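Participant:
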Amino acid sequence: MRFLLPRAIPGVEAVASDFYCRTICLDGLHGMVEVRPVEGQNHLLAKIRFPKVGAIAPIVERLRRLFDLNANVTEIAAHLERDPQLRGRVAALPGLRVPGTWDRFELAVRAILGQQISVAAATKLAGRLVEAYGEPLNLGTSIETSLRFMFPKPEVLAIADLTPLGLTRARAKAISSLAAAVAEGQLHNFSSLESAVQTLCKLPGVGEWTAHYIAMRALREPDAFPATDLGLRRSLSPNNPLTKAQLLEMAQSWRPWRAYAAMYLWLSEGLADDLALLAEGIALEP
Amino acid sequence: MKLDHETCYRAVQARDRRFDGRFFTAVLTTKIYCRPICPAPTPKRENCIFLPCAAAAHEKGFRPCLRCRPEISPGLFAQFEGAAVVSRTLNLIAEGALDNGKVADLAEQVGVGDRHLRRLFTEHLGASPLAVAQTRRILFAKQLIDETSLSMTDVAMAAGFMSIRRFNEVMQKTYQRSPANCDEFMLQKIRKTHLHPPKLR
Ligand SMILES: [Zn+2]
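Chains as they are written, first to last, in my numbering: chain A, 650 to 935; chain B, 4 to 204.
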C-alpha cells in the first residue's frame with residue numbers, strides 16, 4: 650500500500666494505508682473491487698462487485714497478481730539474504746512483494762507519464778487523462794463513490810491528441826504508440842524477459858529503464874531489473890554511484906529474483922514516496 | 004529448491020509455517036493430502052509422500068484435507084525458480100487458458116513444444132497442465148463455497164466449470180459429498196454477509 654498510495658490514479662483508484670479500491674472493466678462490463686488486509690491474519694479480503702459471476706476467477710487472479718500473492722516470499726528472502734549487502738534490508742522488511750497492477754496497459758501508460766516528473770505531477774496528469782478519455786463508471790445501481798471512470802482503452806488513446814492535457818509532444822507520442830501496439834495485440838505475450846524488454850524498447854519514448862519497470866510490475870517478471878536507475882546505483886554506494894555494469898555484475902547473484910532485490914533497495918532507502926521521483930524521474934530515458 | 008523427504012517430514016512434525024505452500028503431504032493410508040501446517044496428528048513417516056503442488060496430489064488420486072484446507076494455502080501455484088516457462092504457463096492457466104483451450108495452443112504461446120511443456124510440468128510440478136487447471140477449478144470452487152454467499156450454480160460458473168453437472172461430478176468425486184454439503188456449517192455462517200468476499204492469499 651505504501652508503494653501504491655502515491656500512485657493512485659484519481660477517479661479510477663482509491664488507496665489508503667489499509668484499503669485499496671478501484672474500478673474494473675472486463676469484457677465491456679464495469680465493476681468495482683475493494684481489498685483490505687485482515688488484521689492479525691495472513692490474508693486479504695476482497696469485495697467484488699461485478700455483473701457476471703463467471704468473471705470472478707479471473708478477477709481474483711488479477712488481484713492476486715496486483716498484490717503479488719503468488720510470490721514465494723520465504724524462498725526469495727532466503728536467496729537474497731545470502732548477499733551480505735542485502736541481508737539487513739531483507740530482515741528489515743520481511744515478506745516484501747513486488748506490487749503489480751490490475752491492468753498492464755494502465756501501468757505502462759503510468760510509467761511513461763512518470764518519466765522525469767514527480768509522482769505527484771504524474772498522478773495529476775493521469776487524472777486528467779482519465780477524465781478526458783475514460784468511460785464513465787456504470788454499475789447499473791448508483792453507489793456512493795469517488796471513483797467515476799474506467800482507465801481509457803488502448804484503442805482510444807492510440808488516436809487521441811494528448812498534448813492539450815499538458816503532456817510534452819514526445820510523451821504524447823510515446824503513449825499513443827504504446828496504445829496502438831497494445832490495441833494490435835503486440836504486447837500480449839513474451840517468451841522471455843529479454844524478448845519483452847527488447848520489444849518494449851522498440852517503442853518511441855521507452856528506454857531500458859521503463860521497459861524493465863513495465864516488465865517488473867506489469868508483466869510480473871521476477872528477474873526484471875532497471876539497472877540504469879540512479880536510486881539503485883546509489884543505494885549500495887551512496888557517495889560514488891555504481892555504473893550500470895558494476896550494478897549488473899553485483900546483481901548476478903540475486904538472479905532470478907532481481908526485481909525483489911530492487912524493491913528492497915528502493916524501499917530501504919526510505920524512498921517509498923520519493924522512490925518514483927528517483928526511479929521514474931531522474932533516471933533519464935533516451 | 005528441492006526439498007528432501009526428511010526435511011519435509013520434520014517440517015510437518017513441527018507444523019512449520021515457513022514451509023506452508025512449498026509442498027504438500029499426501030498420506031498413503033488415508034488417500035488425503037495436507038498442508039505442512041495441518042493440525043491433525045502427524046502420520047507415520049513411511050506413510051507420507053511429499054508433493055510439490057496440489058495438482059500432483061489430485062492427479063495421484065489424493066483428496067484435499069477438510070481441516071487444513073489446501074484451497075487456502077499460500078503459494079498454491081507460485082512461481083518456480085529456474086523454470087520461467089512453467090511460471091509463465093501457470094499464469095496463463097490462471098487466466099483461464101485451459102478452460103476452453105488446448106495444451107498445444109498454450110505451449111505455442113509460451114514458445115515451447117507441446118511435449119516439452121508436459122515434460123517441464125512433470126519435472127517441476129509432478130502434474131500435467133490439464134491437472135493443474137482442473138485442480139485450480141476444484142480448489143477455487145471449494146473456497147467460494149466456504150467463504151461466499153454464491154449459489155452452487157454461480158460457484159460452478161465462477162470456478163470455470165463448463166456445466167453444473169460436470170461441477171457436481173467432479174466435486175462429488177473429490178470430496179465424496181455433493182458440493183452443497185461440502186461445508187454446510189461454514190456456508191450458513193457466511194451467508195449473513197451479502198457481498199462475495201473471497202480471501203486472497
Ligand atoms: Zn490436513
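Ideal placement from N, C-alpha and C gives every residue a C-beta, glycine not left out. Quantities reported herein were computed from a predicted structural model and do not represent experimental measurements.
Within this structure, are the beta carbons of leucine 814/A and alanine 781/A separated by less than 8 Å?
Facilitator: Yes, the pair counts as a contact, with Cβ atoms nearer than the cut-off.
Participant: Identify whether glutamate 710/A lies in helix, strand or coil by the three-state DSSP scheme.
Facilitator: It is helical.
Participant: Of all Cβ atoms in chain A, is any one closer than 8 Å to the Cβ of phenylalanine 98/B?
Facilitator: Residue 98/B is actually glutamate in this sequence, not phenylalanine. Taking Cβ atoms only, chain A reaches closer than 8 Å to glutamate 98/B, which makes this a yes.
Participant: Would the C-beta of alanine 43/B count as close to ligand 1, meaning under 7 Å from any of its heavy atoms?
Facilitator: Flag set: Cβ of alanine 43/B near ligand 1.
Participant: Roughly how many angstroms lie between the CA atoms of isoleucine 167/B and isoleucine 148/B, to the nearest whole one?
Facilitator: So the two alpha carbons sit approximately 14 Å from each other.
Participant: What distance in whole Å lies between the Cβ atoms of valine 747/A and methionine 912/A, which are believed to be in contact at a cut-off of 8 Å?
Facilitator: The pair is a contact, with the Cβ atoms about 5 Å apart (cut-off 8 Å).
Participant: Quick one: is glycine 163/B near chain A, going by C-beta distance under 8 Å?
Facilitator: So, interface residue.
Participant: Would a C-beta distance cut-off of 8 Å place valine 682/A and isoleucine 658/A closer than the cut-off?
Facilitator: No, they are not a contact pair.
Participant: Quick check on the DSSP output: what are the complete alpha helix (DSSP H) runs of length 4 or more inside the stretch 878-927 of chain A, in order along the chain?
Facilitator: The qualifying runs are 879-884, 893-900 and 907-917.
Participant: For a quick check, are the C-beta atoms of methionine 874/A and alanine 900/A less than 8 Å apart?
Facilitator: The sequence as given places phenylalanine at residue 874/A; methionine does not occur at that position. Yes.
Participant: Have a look at asparagine 888/A and arginine 866/A and give me their C-alpha separation to the nearest angstrom.
Facilitator: Distance between the alpha carbons of asparagine 888/A and arginine 866/A is about 29 Å.
Participant: Return helix, strand or coil for cysteine 850/A, following the three-state DSSP convention.
Facilitator: Note: cysteine 850/A maps to helix in three-state DSSP.
Participant: Does the beta carbon of histidine 197/B sit closer than 8 Å to a beta carbon anywhere in chain A?
Facilitator: Below a pLDDT of 50, predicted positions are generally treated as unreliable, and histidine 197/B, at 34, falls in that range; the measurement from the model is reported next regardless. Chain A, which has no Cβ nearer than 8 Å to the Cβ of histidine 197/B, makes this no.
Participant: With distance defined between alpha-carbon atoms, name the residue in Ala60/B, Val30/B, Cys51/B and Phe22/B nearest to glutamine 137/B.
Facilitator: Among Ala60/B, Val30/B, Cys51/B and Phe22/B, the Cα nearest to that of glutamine 137/B belongs to Ala60/B.
Participant: Quick one: residues in its chain with C-beta nearer than 7 Å to the C-beta of alanine 830/A, no 5 flanking neighbours on either side, listed in chain order?
Facilitator: The answer, listed in chain order, is Leu836 and Leu852.
Participant: By a C-beta neighbour count over all protein chains shown, 10 Å radius and 16 as the cutoff for buried, is proline 785/A buried or exposed?
Facilitator: The residue in question, proline 785/A, is exposed, as its Cβ has fewer than 16 Cβ neighbours within 10 Å.
Participant: Taking CB distances under 8 Å as the criterion, tell me whether valine 747/A reaches chain B.
Facilitator: No, because no Cβ of chain B sits closer than 8 Å to the Cβ of valine 747/A.
Participant: So which residues of chain B does asparagine 950/A contact, with C-beta pairs closer than 7 Å?
Facilitator: Any answer about residue 950/A is impossible in this case: the structure gives chain A only from 650 up to 935.
Participant: Return the CA-CA distance between arginine 714/A and arginine 91/B, expressed in angstroms with no decimal places.
Facilitator: So the two alpha carbons sit approximately 13 Å from each other.
Participant: Which value, in whole angstroms, describes the spacing of the CA atoms of alanine 663/A and arginine 797/A?
Facilitator: So the alpha carbons of these two residues sit roughly 11 Å apart.
Participant: Tell me whether alanine 665/A sits in a helix, a strand or coil according to DSSP, three-state version.
Facilitator: Here alanine 665/A sits in strand by DSSP.
Participant: Report yes if the C-beta of arginine 671/A is less than 7 Å from at least one heavy atom of ligand 1; otherwise report no.
Facilitator: Result no, Cβ not under 7 Å from ligand 1.
Participant: Does the CB of valine 702/A have a neighbour CB from chain B at under 8 Å?
Facilitator: It does: the Cβ of valine 702/A has a partner Cβ on chain B nearer than 8 Å.
Participant: When we look at the beta-carbon of lysine 47/B and count the other beta-carbons within 10 Å, is it buried (16 or more) or exposed?
Facilitator: Exposed: under 16 other Cβ atoms inside 10 Å.
Participant: Could you pull the start and end residues of the alpha helix (DSSP H) that cysteine 11/B belongs to?
Facilitator: Taken as a continuous stretch (DSSP letters only), the alpha helix (DSSP H) holding cysteine 11/B covers 8-17.
Participant: Report all residues from its chain with a CB closer than 7 Å to the CB of histidine 199/B; omit the five preceding and five following residues, and keep chain order.
Facilitator: Low per-residue confidence applies at histidine 199/B: pLDDT is 44, beneath 50, and the placement is therefore not dependable, though the value from the model is reported in the following sentence. Cβ within range, chain order: Thr151, Ser152 and Leu153.
Participant: Give a yes or no on whether the minimum CB-CB distance between tyrosine 134/B and chain A is below 8 Å.
Facilitator: The displayed chain sequence assigns alanine, not tyrosine, to residue 134/B. Not closer than 8 Å to any Cβ of chain A, the Cβ of alanine 134/B fails to qualify, so no.
Participant: Throw me the rounded Cβ distance for the glycine 129/B and cysteine 56/B pair, which I believe falls under 8 Å.
Facilitator: Between cysteine 56/B and glycine 129/B the Cβ distance is about 7 Å, and since that is below 8 Å, they are a contact.
Participant: Since I believe proline 42/B is in contact with aspartate 23/B (beta carbons under 8 Å), could you give me their beta-carbon distance rounded to a whole number of angstroms?
Facilitator: Actually they are not in contact, since the Cβ atoms of aspartate 23/B and proline 42/B sit about 12 Å apart, beyond 8 Å.
Participant: Rounded to the nearest angstrom, how far is the Cβ of leucine 827/A from that of glutamate 870/A, given a contact under 8 Å?
Facilitator: Not really, about 18 Å apart at Cβ, beyond 8 Å.
Participant: Quick one: which residues of the stretch 865-889 of chain A get their C-beta closer than 9 Å to a C-beta of chain B? List them in chain order.
Facilitator: Under the 9 Å Cβ criterion, the stretch 865-889 of chain A contributes Arg869, Glu870, Pro871 and Asp872.
Participant: Could you list which residues in chain A have their beta carbon closer than 8 Å to that of glycine 104/B, in chain order?
Facilitator: Simply none; closest approach about 13 Å.
Participant: Expressed to the nearest angstrom, what Euclidean distance is found between the alpha-carbon atoms of alanine 909/A and alanine 58/B?
Facilitator: Residue identity differs from the one stated: residue 909/A is tyrosine in this sequence, not alanine. Their backbone Cα atoms lie some 27 Å apart in a straight line.
Participant: Can the beta-carbon of valine 779/A be found less than 8 Å from the beta-carbon of proline 801/A?
Facilitator: Yes.
Participant: Looking at the secondary structure, which residues open and close the beta strand (DSSP E) in which phenylalanine 27/B lies?
Facilitator: Looking at the DSSP string, the run of the beta strand (DSSP E) that includes phenylalanine 27/B is 27-30.
Participant: Which bits of chain A does glycine 129/B rub up against, with CB to CB less than 8 Å?
Facilitator: Those do not exist, as glycine 129/B stays about 17 Å from chain A at its closest Cβ, beyond 8 Å.
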